[in-house]
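Novice: In this note's numbering, each residue carries its 1-based index in the sequence shown increased by 39.
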Amino acid sequence: MIKLVEIVTNNDQYHLREIIVNSSHIISMIGDDYYAGLHANGKLPEGLRAAQQFSKVTFTNGKEIVVVGSPDIISAKAKNILHG
Numbered sequence: 040m041i042k043l044v045e046i047v048t049n050n051d052q053y054h055l056r057e058i059i060v061n062s063s064h065i066i067s068m069i070g071d072d073y074y075a076g077l078h079a080n081g082k083l084p085e086g087l088r089a090a091q092q093f094s095k096v097t098f099t100n101g102k103e104i105v106v107v108g109s110p111d112i113i114s115a116k117a118k119n120i121l122h123g
């Protein structure tokens, strides 16, 4: 299980929430430039680094979420859990 920070949309407002996911259910991760653009334009909550990266994570059940962090960072978290 790994802890991630998900970006949640509610009525065109963006919020962050911590979630815990089973890393063995992740099937893919790709960088998400759309959310990077939202962040650059001040649409996301304050407190994120200026150069923050975002990833779209796809799970075995087909669900997709957008989380804070690059695919490399998220992958490293999952590997630390699996091999740590």
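Virtual Cβ for every residue (Gly too), placed ideally from N, Cα, C.
Taking 7 Å as the limit between beta carbons, can you name the residues of its chain near isoleucine 65, skipping five residues before and five after?
Specialist: Val96, Phe98 and Ala117
Novice: Using 10 angstroms around the beta-carbon of serine 67, count the other beta-carbons present and answer buried if the total reaches 16, otherwise exposed.
Specialist: With fewer than 16 Cβ atoms within 10 Å of its Cβ, serine 67 is classed as exposed.
Novice: What residue from Glu103, Lys102 and Phe93 has the CA that sits closest to isoleucine 112's CA?
Specialist: Phe93
Novice: Which class does serine 62 belong to by DSSP, given the choice of helix, strand or coil?
Specialist: helix
Novice: I need the straight-line Cα distance from glutamine 91 to serine 114, nearest angstrom please.
Specialist: 16 Å
Novice: Taking the CB atoms as reference points, tell me whether glutamate 57 and valine 106 lie closer together than 8 Å.
Specialist: Contact annotation: glutamate 57 and valine 106 have beta-carbon atoms that are not nearer than 8 Å.
Novice: Pick from Lys102, Leu87, Gly101 and Glu103: whose alpha carbon is nearest that of histidine 54?
Specialist: Leu87
Novice: Under a three-way DSSP split, which group does serine 109 fall into?
Specialist: In the structure shown, serine 109 adopts coil according to DSSP, grouped into three states.
Novice: Using a threshold of 8 Å, state whether the C-beta atoms of isoleucine 59 and lysine 42 are closer than that.
Specialist: yes
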